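Have a look at the structure below before the remarks.
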């Protein structure tokens, strides 16, 4: 039977490789691809740039996924005060340590580089162990090209060792420097700089190397602490308590009615509620996870929320939610979470964010979800007349939820939107500007230009040497004062 198992594994691996190799092809041949295969040089160059940008997005998606994986391995590998069963395998721990070693060697490779055209010394294992067994004559040239790429991206990061080490932990980053074409690498480097603060916040909120950063970075100078925003370190905040401003390279904690909005994982029953109206009843139907008619221990899926990020929209619609991974149609992205109040009290308590809760078997309003103080990422989803997700009542485990479900396939780095309902827009102007927008013909309100430039050299979020508490506080004071 052993040959049969081996053959099945080879077939599975072959299928995975085939699927991954088809990703770029499927993207480039999609209907929205404006370039066609012709003999025209300009059109061909445009098509190649389009494919390079598509490939760079796939690499950036893999980078986020690898950062999350490294953070999980680091957390699960920490010694626990309680006796618990070991979760990680020896191979998983070995892979993580190897990634750390590769990151340290890659950083050492560029810090030892000298400008002026001197021949640098190369480490064949700096990026991949595959180079150790290479016998081709082009290995020095390949390493020279790799080091040049790494030095350039290191300089574009303002020589930030933490940011570089975070990226170097990912095999997608190291593999791109080693194997991708110049066009793909340039597009990838551009995306890395555009998402600088996003990657940094993504790693710090997951506490990646928060305790042993000096050993990993091989850095002799003073190491600043984690970024602070809203009076707290980013590493102490939930990822969905931070709004990333990609245009201004800034992080911010969102205030509402002079209170910071806090993230919670499940409903919070308001003290005015005498009972819990979210509890599952026999008339609420079967569980939408396990199809059980009886009470079960199922919970709504939380994995998609790991790859959802709060961003400041560039067109003046406030905070929004974008994806860091691709989601297929009918995927349950998460639940709309907040404080639970009765219908009358909830509409008065939170007229901005509130959402009515009802079971899937009945249209009767059972409660109102109010996330103005306590909630999750779902309260920041913007409206669109052509939404990508919708609210659906679901029975899961011991409770009922209003789940956000994908109406179609959602691409990576796409902002997810939901329809607020026609009643919401009776006296307001819609700003979504989709093809089906009711206010398409109305002029957009003119927003004043932002007083802070997008790429200022004194931005502490993009400068390792400026990351101190006084620098952050002053930058946030200027940002908040001039942005109001």
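Residue numbers (the numbering used here): 138 to 621.
The beta carbon of each residue, even a glycine, is placed where N, CA and C say it ideally should be.
Keep in mind the model is a prediction, meaning the values are calculated, not measured.
- Listed as beta-bridge partners of residue 530 by DSSP are 539.
- Separation of the CB atoms of residue 468 and residue 457 is rounded to 19 Å, and the pair is thereby denied contact status at 8 Å.
- Closest by C-alpha distance to residue 472, out of 462, 398, 441, is 441.
- Under a 10 Å Cβ-count criterion, residue 455 is classified as exposed, with fewer than 16 other Cβ atoms of the shown protein chains found around its own Cβ.
- Just so you know, the alpha carbons of residue 295 and residue 412 end up roughly 55 Å apart.
- Approximately 6 Å separates the beta-carbon atoms of residue 463 and residue 548; this is inside 8 Å, confirming the contact.
- For residue 395, no alpha helix (DSSP H) encloses it, and the DSSP letter there is neither H nor E.
- Here residue 400 carries a strand assignment [DSSP, helix/strand/coil].
- Taken through DSSP and simplified to helix, strand or coil, residue 242 comes out as helix.
- If you look at residue 321, you'll find it in the alpha helix (DSSP H) that goes 319-331.
- Three or more pairs of CB atoms, one per stretch, sit closer than 8 Å, so the stretch 188-203 contacts the stretch 303-312.
- Under DSSP, residue 469 forms a beta bridge with 542.
- A straight line joining the alpha-carbon of residue 506 with that of residue 484 spans about 9 Å.
- A Cβ-Cβ distance of about 6 Å is found for the pair residue 514 and residue 447, placing them in contact under the 8 Å criterion.
- A buried status is given to residue 533, since no fewer than 16 other beta-carbon atoms sit within 10 Å of its beta-carbon.
- Secondary structure at residue 548: coil, using DSSP grouped into helix, strand and coil.
- Separation of the CB atoms of residue 537 and residue 421 is rounded to 6 Å, and the pair is thereby assigned contact status at 8 Å.
- Between residue 509 and residue 394 the beta-carbon gap is near 7 Å, inside 8 Å, which marks them as a contact.
- Cβ atoms of residue 414 and residue 503 come within 8 Å of each other, at about 5 Å.
- Residue 432 counts as exposed, since fewer than 16 other beta carbons sit within 10 angstroms of its beta carbon.
- Looking at the backbone, the Cα of residue 491 and that of residue 188 are separated by about 42 Å.
- One Cα belongs to residue 435, the other to residue 522, and the distance between them is close to 33 Å.
- As computed with DSSP, residue 409 is found in no beta bridge at all.
- Between residue 379 and residue 338, the CB-CB gap stays under 8 Å.
- Under the three-state reduction of DSSP output, residue 475 falls in the strand class.
- Taking each of 407, 501, 563 in turn and checking the Cα distance to residue 482, the smallest one comes out for 407.
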